[in-house]
Structure formats: structure tokens, C-alpha cells
Amino acid sequence: MTVLDNEVLRDKLMEQFHIKGCFESMTGLNFDLVNFSADEYIVKEGEQPDSIYFLLVGTVKLYACSVKRDFGIVFMNKGLIGDAEFVTGSAATRSAQVVGDALCMRMSTRTGRHRLMSDRTFLRYLAQQLAEKLTLTETANDQNLQQMSTEDKLYDYLKMSAEDGRITETLGTISQLMGVSYRHLIRMMNSLVDEGKLRHGRRKGSYYIA
27 MTVLDNEVLR DKLMEQFHIK GCFESMTGLN FDLVNFSADE YIVKEGEQPD
77 SIYFLLVGTV KLYACSVKRD FGIVFMNKGL IGDAEFVTGS AATRSAQVVG
127 DALCMRMSTR TGRHRLMSDR TFLRYLAQQL AEKLTLTETA NDQNLQQMST
177 EDKLYDYLKM SAEDGRITET LGTISQLMGV SYRHLIRMMN SLVDEGKLRH
227 GRRKGSYYIA
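All residue numbers for the sequence shown refer to my numbering, where the first residue is 27 and numbers rise by one.
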């Protein structure tokens with residue numbers, strides 16, 4: 027993520043995307059214009075964001091990789107990211123990952139939660155955004171057009187859970203999480219190696235993100 031230190035551009039985009047109209051007052055609110063590169067995470071599943079992001083330009087995919095959760099993927103090219111987590115005060119249940127470069131307006135929520143939760147204009151906007159995101163998710167799941175393959179799910183999970191590029195979870199645990207046999211998991215891992223997405227480690231059975 028890169029913070030774009032350009033107040034003129036930030037203010038121009040604030041006006042272009044009518045962000046000021048989402049609030050009764052701008053007092054005490056802090057905004058930054060930020061750019062995300064392809065495959066960067068805006069929010070990671072299991073983490074609690076300290077900002078809400080207004081997606082201005084670009085496409086973001088939302089998906090979950092936790093045990094016993096739906097792996098369905100949903101694409102969005104407008105709206106808020108981190109809004110549900112702000113409302114519930116809990117960790118993200120889905121990751122938000124940039125497909126290509128994405129431009130966002132970031133609003134810090136480290137302080138001023140009470141002020142935002144008392145802003146009726148913002149709460150109406152927040153409710154609308156949450157409803158639209160719910161509809162988008164249900165539609166995508168019903169149509170089943172944008173589901174990730176098991177191998178894609180595996181690779182995204184490995185990227186998210188790796189530590190310094192190293193796959194730390196045991197293959198047995200990963201096979202249970204993915205709902206596949208150990209033998210089939212090995213075939214998928216080797217396929218990812220052949221595709222150049224993973225590489226073997228020096229120790230037998232160890233893998234790294236390439």
C-alpha cells in the first residue's frame with residue numbers, strides 16, 4: 027500500500043465521489059488517499075481493521091478461507107471495505123484482496139467511533155452499503171459463476187497463512203481444512219509447484235511461496 031501525499035488530488039476525489047455527503051460533519055475525521063497494487067490485501071480474514079476504505083477505482087475480491095466456511099468469491103468495484111468490522115467491532119470474516127491496482131480513500135477509525143456511530147447521515151449510508159454487499163454476496167453464491175477452484179482456494183489460503191513465505195501448517199491439517207484427501211492435496215501442491223506458484227524446500231514435504 028502506498029499513501030499518496032497529494033492534498034489537491036485527495037480533495038478533488040473527495041468531491042468527485044461525494045464522500046463529504048456521507049457525513050453530517052467532517053469534524054474530527056482523518057482521510058488518506060491510498061493505492062494498492064495487484065494481489066495486496068486491504069483487509070485480511072481474522073484481522074481487525076482500524077480503517078474504513080472507500081473503494082474509488084479498481085476491483086477487489088472478497089473471500090473466506092477459514093475451516094468450514096464458504097470459499098465463494100465475490101468481486102466488488104465500488105463501496106466500502108471494513109464497514110462490517112467497524113459496526114461489529116470484530117475481526118474480518120473475509121479477506122479483501124486487490125485484483126489489479128486499486129485506489130481508495132482511507133478513513134481512520136482508531137478514534138472517534140462514538141462520533142461516527144452518532145452520525146445519522148453516515149449510519150444511513152453504512153446501512154445502504156451493508157445491504158448492497160449482502161445482496162451482491164447472495165447473488166454471486168446463487169449464480170455460482172465466480173467460485174474458485176479447489177486449487178485456487180488452496181493457493182490463496184497458503185499465501186495468506188504462510189510465514190515469511192514458508193508453509194508452516196502440516197499437510198494433514200491443510201488436507202482436512204480443504205476437505206480433500208492427503209494424496210489429492212500432494213497432487214495439488216505439486217501442480218502449484220509446476221505452475222511456479224510454490225517451490226519445494228530443502229526438507230522433504232516442505233513448501234514455500236515462490
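In this text, a Cβ means the ideal position worked out from N, Cα and C, and glycines have one as well.
### Query
Are three or more beta carbon pairs between the segment 37-47 and the segment 78-91 nearer than 8 Å?
Yes, the segment 37-47 is in contact with the segment 78-91.
### Message
Taking the straight line between their C-alpha atoms, what separation do you get for R139 and L156?
### Response
18 Å
### Reduced DSSP category for Q74 - H, G, I as helix; E, B as strand; rest coil
coil
### Message
Can you check which of these residues, V29, R225, M186 and D37, is closest to E73 by C-alpha distance?
### Response
M186
### Task
Work out the CA separation of A110 and S121 for me, nearest whole Å.
So the two alpha carbons sit approximately 12 Å from each other.
### Best match in D127, R192 and G105 for proximity to R228 [C-alpha to C-alpha]
R192
### Task
Tell me whether F112 is buried or exposed, calling it buried when 16 or more other Cβ atoms sit within 10 Å of its Cβ.
buried
### Query
From S232 to V86, what does the alpha carbon distance come to, in whole angstroms?
31 Å
### Message
Quick check on DSSP: helix, strand or coil for D190?
### Response
In the displayed model, D190 falls within coil according to three-state DSSP, outside both helix and strand.
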